[in-house]
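Our numbering numbers the first residue of the sequence shown as 7 and each following residue consecutively.
Every residue gets a Cβ at the ideal spot worked out from N, C-alpha and C, and that includes glycine.
Contents: one structure, followed by commentary.
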Amino acid sequence: MVLKQVIVVRDDLKLSRGKLAVQVAHAAIIGYLKSGSSLRKKWLDEGQKKVVLRVKSLEELLAVKYKAESLKLVTGVVQDAGLTEIPPGTITAVVIGPDEEKKIDKVTGSLPLLK
Numbered sequence: 007m008v009l010k011q012v013i014v015v016r017d018d019l020k021l022s023r024g025k026l027a028v029q030v031a032h033a034a035i036i037g038y039l040k041s042g043s044s045l046r047k048k049w050l051d052e053g054q055k056k057v058v059l060r061v062k063s064l065e066e067l068l069a070v071k072y073k074a075e076s077l078k079l080v081t082g083v084v085q086d087a088g089l090t091e092i093p094p095g096t097i098t099a100v101v102i103g104p105d106e107e108k109k110i111d112k113v114t115g116s117l118p119l120l121k
């Protein structure tokens, strides 16, 4: 069983690269903290595989989250504090996992990579 964590970000917000990097970092930590200790340990031992994908809108992002939850995957939402580029409370990213790669791919397998 190979584990990974997927972070899905909103492409419509047009965040600066630095702001986007911070949102992804927040998501990675949220997913890690919400996962069970055995999954965390295995994921750490395997090298902490992460993939960052993108969606076009908040609606698409929330659909990804709900689909992941329906499969009993750990999810988390990143909401910005609003101190710099976007209004407070803006949802910027969703994290899924770490969990089994095959399970996560059922949710995110068709989404494009963030480039």
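Annotated as proximal: Val101 and Ile36, with beta-carbon spacing under 8 Å. In the displayed model, Glu75 falls within a helix according to three-state DSSP. Between the region 70-79 and the region 26-45 there are fewer than three C-beta pairs closer than 8 Å, too few to call the two in contact. For Gln85, the secondary structure class from DSSP, reduced to helix, strand or coil, is strand.
Burial is judged here by how many other beta carbons sit within 10 angstroms of a residue's own beta carbon; Lys20 has fewer than 16 and is exposed.
Counting C-beta pairs closer than 8 Å gives fewer than three between the region 83-90 and the region 41-48, which falls short of the contact rule. Excluding its 5 nearest sequence neighbours in each direction, Arg46 has C-beta neighbours in its own chain below 8 Å: Tyr38 and Pro104, listed in chain order.
With fewer than 16 neighbouring CB atoms inside 10 Å of its own CB, Lys78 falls in the exposed class.
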